[in-house]
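Visitor: Chains as they are written, first to last, in this note's numbering: chain W, 4 to 286; chain D, 56 to 292.
For glycine and all other residues, C-beta sits at the position ideal for the given N, C-alpha and C.
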């Protein structure tokens with residue numbers, strides 16, 4: 004078999020072999036972690052530093068704008084941010100703009116609050132699902148108790164100690180949207196921060212990260228956790244290795260495999276002569 | 056470990072493996088998983104919307120707290136359903152007009168400000184800084200500013216079709232193409248990273264559910280699906 008024939012055959016490799024290879028490369032680091040170092044980016048550090056600088060009992064609004072489909076990337080961020088906020092003794096107001104994420108959001112908030120010994124209604128609250136996308140944010144900017152007359156548990160928000168002095172978004176000290184798409188971080192910026200002037204940071208899935216970097220560069224958002232890497236960076240900052248840090252080994256291994264496959268495929272492509280318009284060999 | 060957690064783990068594992076079986080080829084397990092996903096998602100969304108919106112934000116405030124102003128959105132919402140009645144279908148236009156008018160009024164100024172004006176402001180930064188002593192500084196931040204400016208201008212030139220792309224315009228547009236290619240590459244890289252993260256997330260849970268606490272759910276169901284696929288292949292041959 005000539006090199007050209009071999010290259011042509013390789014270019015027609017059954018894609019299921021590549022799927023299997025990817026599965027194995029993902030699985031091995033999950034079973035046997037390599038412990039590769041995670042470098043913290045300035046945009047992740049900004050989110051951490053903003054939370055660190057907030058005085059105790061400041062109000063943090065955490066909008067969990069995702070559903071279970073984006074759980075692998077955004078759930079570890081939620082865990083780290085909630086742990087940090089509870090450690091800093093902030094008042095944590097949580098909600099979601101995604102109806103399909105409501106139960107998941109409620110369960111993670113109450114689990115971590117319980118873990119930190121925080122009291123529902125005094126130290127934190129889950130407002131539930133805010134319908135209407137941008138309208139929910141505009142409504143909260145005008146009156147929080149009008150947009151959410153009751154929280155997820157059905158208690159009147161106007162009477163909750165955690166919301167004492169919080170009449171609208173103008174009274175929020177820092178807001179973070181963990182966003183899997185629309186509505187999400189972009190919506191919070193356009194209809195929230197721009198109009199009501201609170202500080203805004205965010206977390207997003209890796210696929211949507213490129214569109215948020217221009218907002219970061221202009222200072223329209225003050226920090227960004229991008230994808231699983233962003234979550235791992237936050238875990239590193241908190242010195243609490245979790246799901247994201249564990250996943251980064253697999254992520255790195257997978258990236259090496261994909262780079263390798265791209266290089267090898269290009270070599271085979273050149274060897275097969277297809278770049279010169281030669282007809283393919285059908286072995 | 057309680058029964059509902061273990062049962063949930065078995066259902067999650069089974070459905071994940073059903074969907075992954077598509078990597079082999081389209082098959083009845085995948086179709087079953089797909090249909091369950093669609094049905095469960097729609098059912099769940101209906102319940103959440105009913106409970107969180109219809110009940111908590113409309114019915115209870117309107118009936119129990121007598122907030123009569125909520126009757127306006129209620130009527131507007133009902134008018135949308137009038138499309139189902141041919142003789143009254145025209146009334147739905149009132150609601151559509153309201154939605155379009157309010158949405159445009161709210162969105163256009165905000166979008167212009169956020170994505171045009173603020174972004175232009177971010178592009179037009181000083182290319183060099185001069186210290187109080189009069190020395191000119193050009194560091195990495197300034198280099199970034201220069202790159203952003205060149206990128207924005209060259210890409211805009213590339214998309215400017217009113218003049219022929221020859222000479223300097225062609226060269227400038229060519230630079231724009233390189234910037235676009237780099238941005239496409241970055242976007243694709245991030246997309247790959249995102250998809251891999253999802254795979255890692257699922258695998259992480261599948262590894263967890265392969266433990267004795269969950270009754271070796273992953274192993275048992277994987278074997279069952281493989282056996283099922285072999286049986287299905289033999290039936291279809």
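For a contact defined as C-beta to C-beta under 8 Å, what are the partners of residue 86(D) on chain W?
Guide: Indexing the second chain from 1 puts residue 86(D) at position 31. By Cβ distance, chain W contributes nothing, its closest Cβ being about 19 Å from residue 86(D), past 8 Å.
Visitor: So which residues of chain W does residue 56(D) contact, with C-beta pairs closer than 9 Å?
Guide: On the second chain, position 1 is the one that residue 56(D) refers to. In chain order: nothing, as chain W lies at least about 16 Å away.
Visitor: Would you report the Cα separation of residue 286(W) and residue 229(W), rounded to the nearest angstrom?
Guide: As a working note, residue 286(W) is residue 283 in the first chain. As a working note, residue 229(W) is residue 226 in the first chain. Model confidence at residue 286(W) stands at a pLDDT of 49, short of 50, so the residue's coordinates are unreliable; what they give is reported in the following sentence. Each residue's Cα considered, the two are about 45 Å apart.
Visitor: Could you tell me which residues DSSP pairs with residue 94(W) in its beta bridges?
Guide: Within the first chain, the letter at position 91 stands for residue 94(W). For residue 94(W), which the question treats as bridged, DSSP gives the partners 62(W).
Visitor: For the beta strand (DSSP E) that residue 179(W) lies in, which residues bound it at each end?
Guide: One-based indexing of the first chain puts residue 179(W) at position 176. Unbroken beta strand (DSSP E) run through residue 179(W): 177-182.
Visitor: In this structure, how does DSSP classify residue 286(W) when only helix, strand and coil are distinguished?
Guide: Counting from 1 along the first chain, the entry for residue 286(W) is found at position 283. Confidence at residue 286(W) is low in this model, with a pLDDT of 49, below 50, so its placement is unreliable and the value that follows should be read with caution. Correct three-state label for residue 286(W): coil.
Visitor: Taking Cβ positions only, does residue 81(W) come closer than 9 Å to chain D?
Guide: Locating residue 81(W) in the first chain gives position 78, where the first residue counts as 1. Residue 81(W) does not count as touching chain D.
Visitor: Please classify residue 161(D): does DSSP put it in a helix, a strand, or coil?
Guide: Indexing the second chain from 1 puts residue 161(D) at position 106. Looking at residue 161(D) - three-state DSSP - the assignment turns out to be helix.
Visitor: Under 9 Å between C-beta atoms, does residue 107(D) make it to chain W?
Guide: On the second chain, residue 107(D) is found 52 positions in, with the first residue counted as 1. Cβ-Cβ to chain W under 9 Å: yes for residue 107(D).
Visitor: Tell me, please, whether the CB atom of residue 177(D) is closer than 9 Å to any CB atom in chain W?
Guide: Start at 1 with the first residue of the second chain, and residue 177(D) comes out as number 122. Answer yes: the Cβ-Cβ gap between residue 177(D) and chain W drops below 9 Å somewhere.
Visitor: Excluding the 5 residues flanking residue 153(D) on each side, which residues of the same chain have their C-beta closer than 7 Å to its C-beta?
Guide: Taking the first residue of the second chain as position 1, residue 153(D) is located at position 98. Closer than 7 Å at the Cβ level, and outside the excluded window around residue 153(D), lie 131.
Visitor: Along chain W, in chain order, which residues have C-beta atoms closer than 8 Å to that of residue 206(D)?
Guide: As a working note, residue 206(D) is residue 151 in the second chain. Going along chain W, no residue has its Cβ under 8 Å from residue 206(D), so there is no contact; the nearest lies around 11 Å.
Visitor: Tell whether a beta-carbon distance below 9 Å holds between residue 73(D) and residue 255(D).
Guide: The residue labelled residue 73(D) in the question sits at position 18 within the second chain. The residue labelled residue 255(D) in the question sits at position 200 within the second chain. Their beta carbons are not under 9 Å apart, which means residue 73(D) does not touch residue 255(D) by this criterion.
Visitor: Could you work out which residues of chain D lie near residue 192(W), taking near to mean beta carbons separated by less than 9 Å?
Guide: Taking the first residue of the first chain as 1, we reach residue 192(W) at position 189. The answer, in chain order, is 169.
Visitor: Measuring alpha carbon to alpha carbon, tell me which of 278(D), 99(D), 211(D) and 176(D) ends up nearest residue 233(D).
Guide: Taking the first residue of the second chain as 1, we reach residue 233(D) at position 178. Looking at the Cα atoms, 211(D) is the closest of the given residues.
Visitor: Output the boundary residues of the alpha helix (DSSP H) element that contains residue 119(W).
Guide: Position 116 of the first chain, counting from 1, holds the residue named residue 119(W). Per DSSP, residue 119(W) belongs to the alpha helix (DSSP H) from 105-119.
Visitor: Could you give the first and the last residue of the continuous alpha helix (DSSP H) run that contains residue 128(W)?
Guide: Mapped onto the first chain, residue 128(W) falls at position 125. Run containing residue 128(W): none in the alpha helix (DSSP H); it sits in the beta strand (DSSP E), 127-132.
Visitor: Taking only runs that begin and end inside the region 5-87 of chain W, name each unbroken beta strand (DSSP E) of 3 or more residues, in chain order.
Guide: 62-68, all fully within the region 5-87 of chain W.
Visitor: Using the beta-carbon count (16 or more within 10 Å), is residue 196(W) buried or exposed?
Guide: Here residue 196(W) corresponds to residue number 193 of the first chain, with the count starting at 1. The residue is buried, with at least 16 neighbouring Cβ atoms inside 10 Å.
Visitor: List, in chain order, every chain W residue whose beta-carbon is nearer than 8 Å to that of residue 258(D).
Guide: For the purposes of this step, residue 258(D) is taken as the residue at position 203 of the second chain. Residues of chain W passing the Cβ test: 26, 29, 30, 33 and 253.
Visitor: Beta carbon of residue 277(W), beta carbon of residue 83(W): below 9 Å?
Guide: To locate residue 277(W), count along the first chain from 1; it is residue 274. To locate residue 83(W), count along the first chain from 1; it is residue 80. Taking 9 Å as the Cβ cut-off, residue 277(W) and residue 83(W) do not qualify as a contacting pair.
Visitor: Compile a chain-ordered list of the residues in the region 241-256 of chain D whose CB is closer than 8 Å to at least one CB of chain W.
Guide: If the cut-off is 8 Å between Cβ atoms, the region 241-256 of chain D has 241, 242, 245, 246, 247, 248, 249, 250, 251, 252, 253, 254, 255 and 256 near chain W.
Visitor: DSSP state of residue 81(D), grouped into three classes?
Guide: Looking up residue 81(D) in the second chain gives position 26. Coil, per DSSP.
Visitor: Between residue 202(D) and chain W, is there a C-beta pair that is closer than 9 Å?
Guide: Within the second chain, numbered from 1, the residue matching residue 202(D) stands at position 147. Answer no: the Cβ-Cβ gap between residue 202(D) and chain W never drops below 9 Å.
Visitor: Between the region 156-165 of chain W and the region 42-54 of chain W, can you find at least three pairs of beta-carbon atoms closer than 8 Å?
Guide: Touching, no.
Visitor: Give the single residue among 174(W), 116(W) and 263(W) whose Cα lies nearest to the Cα of residue 143(W).
Guide: Counting from one through the first chain, the residue named residue 143(W) turns up at place 140. Per the Cα distances, 174(W).
Visitor: List, in chain order, every chain W residue whose beta-carbon is nearer than 9 Å to that of residue 100(D).
Guide: Position 45 of the second chain holds residue 100(D). Correct list: 102 and 103.
Visitor: Could you name the residues of chain W that residue 262(D) contacts, counting a contact when the two beta carbons are closer than 9 Å?
Guide: Within the second chain, residue 262(D) is the residue found at index 207, counting from 1. Those within 9 Å of residue 262(D) in chain W are 30, 33 and 34.
Visitor: Measuring straight from C-alpha to C-alpha, what distance separates residue 264(D) and residue 282(D)?
Guide: On the second chain, position 209 is the one that residue 264(D) refers to. On the second chain, position 227 is the one that residue 282(D) refers to. Going by the C-alpha atoms only, they are around 20 Å apart.
Visitor: If we ignore side chains and look at the alpha-carbon of each, how far apart do residue 99(D) and residue 155(D) end up?
Guide: To locate residue 99(D), count along the second chain from 1; it is residue 44. To locate residue 155(D), count along the second chain from 1; it is residue 100. Spanning the two alpha carbons is a distance of roughly 28 Å.
Visitor: The ligand SAM and residue 23(W): does any heavy atom of the ligand fall closer than 8 Å to the residue's C-beta?
Guide: Although the ligand SAM was asked about, the structure shown includes no ligands whatsoever.
Visitor: According to a CB-to-CB cut-off of less than 8 Å, which residues of the region 223-243 of chain W neighbour chain C?
Guide: Reference to chain C is not applicable here, since the protein chains of this structure are W and D.
Visitor: Taking the alpha helix (DSSP H) that residue 229(W) belongs to, which residues open and close that run?
Guide: Locating residue 229(W) in the first chain gives position 226, counting from the first residue. No alpha helix (DSSP H) holds residue 229(W); the beta strand (DSSP E) holding it covers 227-229.
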